[in-house]
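Peer 1: Questions regarding the structure given below will be posed in turn.
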Amino acid sequence: MSEQIEVVAAVIRRDDQVLLAQRPKGKHLEGLWEFPGGKVESTESYEEALVRECEEELDITLENLELIHTVRFEYPEKTVLIRFFMASSFKGEPKGLEGQALKWCSIDDLQPDWFPAANQEVIQILQKEY
Ligand SMILES: Nc1nc2c([nH]c(=O)n2[C@@H]2O[C@H](COP(=O)(O)OP(=O)(O)OP(=O)(O)O)[C@@H](O)[C@H]2O)c(=O)[nH]1
Ligand SMILES: [Mg+2]
Numbered sequence: 560m561s562e563q564i565e566v567v568a569a570v571i572r573r574d575d576q577v578l579l580a581q582r583p584k585g586k587h588l589e590g591l592w593e594f595p596g597g598k599v600e601s602t603e604s605y606e607e608a609l610v611r612e613c614e615e616e617l618d619i620t621l622e623n624l625e626l627i628h629t630v631r632f633e634y635p636e637k638t639v640l641i642r643f644f645m646a647s648s649f650k651g652e653p654k655g656l657e658g659q660a661l662k663w664c665s666i667d668d669l670q671p672d673w674f675p676a677a678n679q680e681v682i683q684i685l686q687k688e689y
């Protein structure tokens with residue numbers, strides 16, 4: 560069994576829309592859309608990791624984080640444990656600092672097949688509860 564990687568991802572909200580980022584070429588699951596985030600380092604809390612990742616990838620500072628869902632998923636290459644946080648406010652204006660495409664999309668218009676397999680439950684939860 561492969562090692563389990565701890566990941567945090569942010570559902571960044573502005574009005575009724577959420578921010579999606581496209582996974583760059585050459586990365587795991589390239590071309591799919593995701594909630595911004597990344598791997599947690601051993602010295603940081605989940606919230607600290609998510610704030611750091613969104614500063615590095617998007618040039619924004621998240622505020623008001625709330626854990627909404629946790630999922631464990633086994634890809635053939637790796638197993639991830641992803642904690643999804645709702646970020647209901649942030650400072651700055653998002654930019655794709657790593658060359659990734661960004662888009663705002665209303666929750667009702669999210670298409671499950673844009674996302675990695677590990678995201679299917681959280682998409683359902685967002686569409687039912689938010
Ligand atoms: N950020 C993010 N990762 C996700 C999501 N869904 C999902 O399966 N993942 C997986 O979780 C892992 C997160 O790693 P990442 O590639 O974002 O990590 P990172 O930003 O630290 O990048 P790096 O290690 O390449 O520098 C990847 O294997 C990715 O495919 C999601 O919605 N957001
Ligand atoms: Mg990342």
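To convert, count from 1 in the sequence shown and add 559; that's the working numbering. Glycine included, every Cβ here is placed at the ideal spot set by N, Cα and C. A quick note: this is a predicted structure, and the numbers were derived from the prediction, not measured.
So, for L591: in the same chain, excluding its five sequence neighbours on each side, which residues have a beta-carbon less than 7 Å away from its beta-carbon?
Peer 2: Here the set comprises R582, W673, F674, P675.
Peer 1: Which residue from K650, L588, Q659, R631 puts its Cα closest to that of V681?
Peer 2: Ranking K650, L588, Q659, R631 by Cα distance to V681 puts R631 first.
Peer 1: Residue range of the beta strand (DSSP E) that R572 falls in?
Peer 2: Unbroken beta strand (DSSP E) run through R572: 563-573.
Peer 1: Is it a yes or a no for the segment 655-668 touching the segment 567-580, going by three-plus beta-carbon pairs under 8 Å?
Peer 2: Touching, yes.
Peer 1: Pop quiz: I666 and L685 are said to be a contact at Cβ under 8 Å. What is the actual Cβ separation, rounded to whole angstroms?
Peer 2: Going by Cβ atoms, the distance from I666 to L685 rounds to 5 Å, so yes, they are a contact pair.
Peer 1: Just list the beta strand (DSSP E) runs in the segment 629-654, keeping only unbroken ones of 3 residues or longer that don't cross its boundaries, in chain order.
Peer 2: Runs of the beta strand (DSSP E) inside the segment 629-654: 638-650.
Peer 1: Starting from Q576, trace the beta strand (DSSP E) in both directions and tell me its first and last residue.
Peer 2: Its beta strand (DSSP E) spans residues 576-581.
Peer 1: So the candidates are F644, G655, V566; which of them puts its Cα closest to the Cα of V599?
Peer 2: Checking every option, the nearest Cα to that of V599 belongs to V566.
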